[in-house]
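Following: one structure in structure tokens, then a few remarks.
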Amino acid sequence: MELSYVSKEWFLARKPYHRLTAYDQFYLKICRNLYRIIRRAIGNHESSNSECRELAYRITAYFEDVVNGIGFWEVVVGHFKNVYGKRIPFFSKVQLDEWEEDYEDINPADIHFLIYQHFAVLHRENYKVSYVDVLCIDMLREEIVDYLDAIEEVKLTDFYSTFLQVPDDFFELKDVLSWLVYESYLFGSEFSARLIDFEGKLLEEADPSMLERINMLRYAEKDRLMFTVPSALGALLPLDVWAGVLTDKPRDSALLLGLKEQVYGVFEIENETDTHYQFRHTYTHECYAVAKSSFGGPYDAKYAQTKLVNFRGEYLITGLIFEPFDFSKPVDISAYNERYQYPFLRHHGGFRQKLAETLKHQYHTAMEFFGTPWNVFPSKKAFVERINLYLKWQYQRAKKEDPMLNDEPGSFPMPGDQEKSTVLYFVSDDWTAEVIYSPEEVDECVAGFKTVYEYFYSDLLTRGFATTRLLRYIFKHRRIHQPRGNEADFGWLDDTYDFEALLHIYFPEEFSTYLPPRMTVKGFEVD
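Residue numbering for the sequence shown follows our numbering, starting at 2 and increasing by one per position.
Next up, the structure:
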């Protein structure tokens, strides 16, 4: 069965080339053997064949990476050490130091993390895995490590040292990046699943006449995932890993990292030359000479909604470009820009600085009134009364600064079940106001939960973003430290860095350190 299911064709389709060599045959054999090991450990469960095959490929490609010195995993480990303070989260530093002394290429901690993260990402919409338990992952790691460690001779290649050099052509660069995002062992399973899920949702709502539009939207989403979406691997972007591999080429590394910063908005096309269109951003009025070579063909409309990227000093179109307005009806471009203010302005340094200062000011204003970021009320009624007092206090302060201010604040709506306790807290890093009703259960769970597996099998991470922010706050500021148990070498939540690593697996976009601050409130609004 392994020969047909883990076939040459399937294996080669994951590679950035099309010819199977003796080198590939060597690693294909390893992949098939790992598939047997994984299937034997996990057992015969519905829908698990493809997951086991993907995991077998992932561990094989990791092995290929570290023995060849390709550099992908080295970048990941460097990032983990920088962000989490150790090689792999959820392990004790004592255990990690011991393994680093005992193993030269592969590392048991790496393999355990790859297994755990593989299943966590595959099932993160359900936030649990019914047929993979803690003991299974522990035993599987040991068997895989024993098998790989017994391999005495390996085949080597220098293909990737050439393949990963930054091309001169932007579209050739996108081909390399597409492989890294949708086929590589680090990101392929995660981002391919996200793209398939996006396409599936489009098809559910579409009719056959919308096929062309579906293809356009799929292309735009594929481009967005490639350039700007953090992964569940420490919230790294694939561009970060590629750039990290090129340590000997700092200029190319900087070029790749710069591709994450894109200019998005509605542009007026003011004029053109033989080689360029002159774009003017209708919100910021910045002007860009955009190369015609990046268009699929002539563009005849007066306005274009699209994204621009600076590649080797020249602005190019990336993703979708379309005419956003129907001029057979009245068009208010200013209102349209205000509607999409954040995505259209996030590239602008002045806007980001002003936004960060505004959010910081709002946070300190709320703290001046409430006195603490963590506010517990015995009932929803008491919470609403306090909020209404705050709104009036905030209005009176604003009235002193602007006597012409006339709009008095409204009242916060009274929720049902008024007697339930409520917590209101403020997140200082981006000034988000969160409201949680009946927080006692969550508080007790976080105080008692000691390992990633207790979150892995619970439903705490299914209750929405606000609850997750609450989990984060409780873990950082209220959780009593739990001594590590002797029975566990993986999964222990030692500190806030381990909990951040858990959030990066389940909510990489929401908790990424790479994104600029979000505009989550205007004045004081509670979601």
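We put the CB at the ideal spot given by N, CA and C, even for glycine.
Excluding the 5 residues flanking it on each side, L56 has same chain C-beta neighbours closer than 6 Å at I39, H119, in chain order. Between the alpha carbons of Y63 and K30 lies a gap of roughly 15 Å.
In the three-state reduction of the DSSP assignment, Q166 falls in the coil class. Secondary structure of T285 (DSSP, three-state): coil. The beta carbon of E191 sits closer than 7 Å to the beta carbons of V122, S232, A233 from its chain, once the five residues preceding and following it are set aside; these are given in chain order. Rounded to the nearest whole angstrom, the CA to CA distance from G235 to R15 is 23 Å. If you draw a straight line from the Cα of C137 to the Cα of Y474, it comes to about 32 Å. With a cutoff of 7 Å on beta-carbon distance, G411 and V453 are scored as not near each other. A distance of 7 Å or more separates the beta carbons of P344 and V267. Assigned with DSSP and collapsed to three states, Q279 falls in strand.
For T307, the enclosing beta strand (DSSP E) has its first and last residue at 304-312.
DSSP places L238 outside any alpha helix (DSSP H), giving it a letter other than H or E. Note on geometry: alpha-carbon atoms of L260 and A290 lie some 17 Å from one another.
Secondary structure note for F378: it is in no alpha helix (DSSP H), and the uninterrupted beta strand (DSSP E) holding it is 375-378. Of the other Cβ atoms in all chains shown, fewer than 16 fall within 10 Å of the Cβ of G297; this residue is therefore exposed. The stretch 342-362 makes no contact with the stretch 389-404, as fewer than three CB pairs between them are under 8 Å.
Non-local beta-carbon contacts of F188 in its own chain, meaning distances under 6 Å to residues more than five positions away in sequence, involve V182, S232, P239 in chain order.
Around the beta carbon of S185, a 10 Å sphere encloses 16 or more other beta carbons of the protein chains shown; the residue is thus reported as buried.
With three or more CB-CB distances shorter than 8 Å, the stretch 267-279 counts as touching the stretch 303-314. A direct Cα-to-Cα measurement between L317 and W11 gives close to 34 Å. Residue range 315-323 is occupied by the beta strand (DSSP E) that includes F323.
A straight-line Cα-Cα distance of about 54 Å links I60 and V332.
Check the Cα spacing between A244 and each of H124, W74, L149, F508: the tightest is with W74. Counting along the chain, Y265 sits inside no alpha helix (DSSP H); it lies in the beta strand (DSSP E) bounded by residues 264-273. C288 and E273 have their C-alpha atoms roughly 13 Å apart. If the five residues before and after P509 are omitted, its C-beta is found closer than 7 Å to the C-beta atoms of P231, S232, A233, A236, all from its own chain and listed in chain order. Counting only residues of its own chain and dropping the five nearest sequence neighbours on each side, S329 has no CB closer than 7 Å to any other CB. In this structure, DSSP gives A151 a state outside helix and strand, which the three-state scheme calls coil.
For E154, the closest alpha carbon among the candidates Y28, P17, Y278, P414 is that of Y28. Annotation for M217: the continuous alpha helix (DSSP H) segment containing it runs 212-229. For T366, the enclosing alpha helix (DSSP H) stretches over residues 350-371.
Contact check for F384 against T423 passes: the beta carbons are separated by less than 7 Å. Here P90 is actually not in contact with W100; their C-beta atoms are around 14 Å apart, not less than 8 Å. Sorting G320, E206, F160, K250 by C-alpha distance to the C-alpha of F228 places G320 at the top.
Per DSSP, V78 is one residue of the alpha helix (DSSP H) stretching across 73-85.
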